[in-house]
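One structure below.
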Amino acid sequence: MLPNYFKMAREMSDIISLYPWQWKGFYVTAFNRIRLWFNRFDLIEQCIPEKGKIVDIGSGYGLFANFLAIRSRDRMITGVEKNPRKTKYAFRGLKNTEFITMDVRDYDLNSCQAITIIDVLHHMNSFEQQEDLLRYCYSGLDRGGVLFIKDVCFEPYYKFFLTRIVDNCLYMGDRFYFRKWEDFRSVLEKTGFRVEYVTLHEGSPYSTYGLLCAKDVV
Ligand SMILES: C[S@@+](CC[C@H](N)C(=O)[O-])C[C@H]1O[C@@H](n2cnc3c(N)ncnc32)[C@H](O)[C@@H]1O
């Protein structure tokens, strides 16, 4: 894990410097650094088109949305987040970003080149809501566009155990809708996506995975 920390500090100094240590927001900076250390955002970023309209659903403190924006100024990123406390911290002055406080179900998703859903699906309010959102993403993407999903899976089980503890601490009292990644793949394929599994848990203490979903041109 420690080599990962030094790799992150060296190769992600651009995004790290967007969240400097400050008394106000100290928690957000610490939280974001740990998120960068424990998650392979660099691998996900490489799957996202370098230009066009991109919507990051459930953008939280804006970490991943800002990371996409900082790595290519030709990406126009909109972060949609329902928690106003989090959105307050998200805008870091990048001209190719905007952040909106809204439940994504009320957001008008259209003509996107990419949509990202990073650790959000298991926080939705039901399995039906998850499926509705995936279908909504399909309709909101241009042909040739991609949807990237990162979420929690059950294996390796010891990592899932830790992931649950972390979620229970951070979102005390919430119910989570964890689901096998194969179930998501089946819903996505029925919707019309071509789906590719992306390994993300290596070097991370969490049981996590990615699905790169393409809406084909024909
Ligand atoms: C674990 S956080 C992930 C934040 C961010 N994607 C990241 O990777 O740092 C999940 C976020 O999804 C947001 N969320 C859950 N359901 C949502 C919805 N229906 N509309 C918008 N945001 C939602 C939550 O408020 C929370 O901030």
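Going by the numbering used here, the sequence shown opens with residue 1, and the numbers climb by one from there.
Glycine included, each C-beta is placed from N, C-alpha and C at the ideal position.
- Burial state of Ser-207 is buried, judged by a 10 Å Cβ sphere holding 16 or more other Cβ atoms.
- Close CB contacts of Leu-141 within its chain, under the 8 Å cut and outside five residues either way in sequence, are with Cys-112, Gln-113, Ala-114, Ile-115, Leu-147 and Lys-215 (chain order).
- Secondary structure at Met-12: coil, using DSSP grouped into helix, strand and coil.
- Two segments are said to touch when three or more pairs of C-beta atoms, one from each, lie closer than 8 Å; by this definition the region 28-38 does not touch the region 102-109.
- Excluding sequence positions up to five before and after Glu-98, its CB lies within less than 8 Å of the CB of Ile-77, Thr-78, Gly-79 and Phe-91, all in the same chain and listed in chain order.
- A heavy atom of ligand 1 is found nearer than 6 Å to the CB of Val-104.
- Separation of Cys-137 and Phe-154 (C-alpha to C-alpha, rounded to the nearest whole angstrom) is 24 Å.
- DSSP places Gln-130 inside the alpha helix (DSSP H), whose first and last residues are 127-140.
- Every alpha helix (DSSP H) stretch that sits fully inside the region 131-198 and reaches 4 residues is listed by chain position as 157-170 and 181-191.
- Listed in chain order, the non-local C-beta contacts of Arg-71 below 6 Å within the same chain comprise Glu-45, local neighbours out to five positions each way being set aside.
- Annotation for Leu-63 indicates a beta carbon within 6 Å of some heavy atom of ligand 1.
- For Asp-74, DSSP records no beta bridge to any residue.
- According to DSSP, Glu-81 shares a beta bridge with Thr-101.
- Setting aside the 5 residues that flank it on each side, Met-124 is surrounded in the same chain by Gln-130, Leu-133 and Tyr-177, each with a C-beta closer than 8 Å to its C-beta; the list follows chain order.
- For Val-120, the Cβ falls inside the 6 Å cut-off from some heavy atom of ligand 1.
- The closest CA to that of Leu-170, considering only Met-12, Gly-60 and Val-55, is found on Gly-60.
- Leu-200 is positioned such that its CB atom lies closer than 7 Å to that of Arg-40.
- CA-CA distance, Asp-74 to Leu-68, rounds to 10 Å.
- The criterion of a C-beta distance shorter than 7 Å is not satisfied by Val-195 and Glu-202.
- Cβ contact annotation for Gly-210 (same chain, cutoff 8 Å, sequence separation greater than five): Leu-43, Ile-44, Cys-47, Phe-148, Ile-149, Lys-150, Tyr-197, Val-198, Thr-199 and Leu-200, in chain order.
- Each of Tyr-157, Arg-143, Ala-9 and Phe-127 was checked against the Cα of Asp-183, and the nearest Cα belongs to Phe-127.
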